[in-house]
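Numbering (my numbering), first residue to last: 49 to 338.
Just so it is clear, CB atoms sit at the ideal spot from N, CA and C, and this is done for glycine as well.
From a predicted model like this one, the values you see are computed outputs, not experimental measurements.
So, in structure tokens, the structure goes:
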């Protein structure tokens, strides 16, 4: 059965907005004119995994003690893990090349801040308008409802207000229904995930699924208080799978979805990684895998 409507996990939505030209070409070629959907929860995950980091870096660059872009990058590298560092380094390299900024030139700090302000606005707008929104989020994630209200020229105030509200995990968690989502609405499916994870051997390709199932089991054994925003980040793939519209094919790159979707008979399609796409382009004689 063909599913013309495609529901995108964050692992596909993010590179469609931020990936290389080759990777974007892969997705446009695969999807064609099919309608592409995301949920409020997927949009929240994009903000949590990327946009928040860009705004954080913006405030690092604004520090009086930071004279240059290079100073900010060095401070950032000491504060955040590899994935967050890589994303910011790549972003700043693109901005530097496009706007002829130099990491070591103090006079370019103000220009970089301005370009970051415009970039944050542009990405947030694309996230809202590039895909169709299902409008459905059974977790009622409070973070997903927090808007980024920017009224130029007060970018700093708008970004600060957004960060404070988004990172107030105590308040956000008190208003969501993730515990009900796991313990009641999807009780059987969650139990099936936990049971399956205990039956399989840990190996390359299923570690992600096992880690997610262990997070779900933590909520089952310890109750609603264990369902924190931090844990939600760990089990996010399960949340997205369980809340995906049943009449849409779930699009993803992560291996965890292969188990998550098959166990509950959810239609899905795994796309190759960005590295794989570039490998294929570098070695066109190799057979392209789906």
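{"Item": "Closest Cα partner of residue 187 within the set 156, 277, 309 and 297", "Value": "277"}
{"Item": "Selected residue, minimal CA-CA separation from residue 53, among 65, 76 and 85", "Value": "85"}
{"Item": "Minimum length 4: unbroken alpha helix (DSSP H) runs contained in the segment 143-214", "Value": "157-177 and 203-214"}
{"Item": "Extent of the continuous alpha helix (DSSP H) to which residue 217 belongs", "Value": "217-223"}
{"Item": "Separation of residue 274 from residue 337, as counted between CA atoms", "Value": "Caution applies to residue 337, whose pLDDT of 47 falls short of 50 and renders its modelled position unreliable; the model cannot decide the point."}
{"Item": "Residue 336 in three-state terms, based on DSSP", "Value": "With a pLDDT of only 47 at residue 336, under 50, the local geometry of the prediction cannot be trusted, and no value is derived from it."}
{"Item": "Beta carbon of residue 299 nearer than 8 Å to that of residue 55", "Value": "yes"}
{"Item": "Assumed close pair residue 304, residue 257 - CB separation to whole angstroms, cut-off 8 Å", "Value": "4 Å"}
{"Item": "Residue nearest to residue 57 in terms of C-alpha spacing, selected from 126, 264, 314 and 87", "Value": "87"}
{"Item": "Where residue 130 falls, given that 16 or more other Cβ within 10 Å makes a residue buried", "Value": "exposed"}
{"Item": "Classification of residue 138 by the beta-carbon crowding that lies within 10 angstroms, buried from 16 upward", "Value": "exposed"}
{"Item": "Alpha-carbon spacing of residue 175 relative to residue 72, whole angstroms", "Value": "15 Å"}
{"Item": "Residue 111, DSSP secondary structure in three states", "Value": "coil"}
{"Item": "Separation of residue 213 from residue 179, as counted between CA atoms", "Value": "24 Å"}
{"Item": "Three-state class that DSSP yields for residue 128 in the structure shown", "Value": "coil"}
{"Item": "Three-state secondary structure (DSSP) of residue 251", "Value": "coil"}
{"Item": "Validate contact between the segment 159-176 and the segment 102-122 using beta carbons, cut 8 Å, 3 pairs", "Value": "yes"}
{"Item": "Identified DSSP bridge partners for residue 54", "Value": "84 and 297"}
{"Item": "Neighbourhood of residue 314 by C-beta distance below 8 Å, restricted to the same chain and skipping five residues each side", "Value": "289, 292, 294, 298 and 308"}
{"Item": "beta-carbon residue 111 near the ligand HEM non-hydrogen atom, thresh 7 Å", "Value": "For the ligand HEM, the structure offers nothing, since it holds no ligand at all."}
{"Item": "Beta-carbon proximity of residue 117 to residue 157, cut-off 8 Å", "Value": "yes"}
{"Item": "Identity of the residue in 209, 92, 124 and 190 nearest residue 221 by Cα", "Value": "190"}
{"Item": "Cβ-Cβ distance between residue 132 and residue 101 below 8 Å", "Value": "yes"}
{"Item": "Residue 285 burial status per 10 Å Cβ neighbour count (16 or more: buried)", "Value": "buried"}
{"Item": "Burial state of residue 121, where buried means 16 or more other Cβ atoms lie within 10 Å", "Value": "buried"}
{"Item": "Three-way DSSP call (helix, strand, coil) for residue 319 in this model", "Value": "coil"}
{"Item": "Buried versus exposed, by CB contacts within 10 Å (16 or more), residue 323", "Value": "exposed"}
{"Item": "C-alpha gap between residue 82 and residue 182, whole angstroms", "Value": "15 Å"}
{"Item": "Three-state class that DSSP yields for residue 67 in the structure shown", "Value": "coil"}
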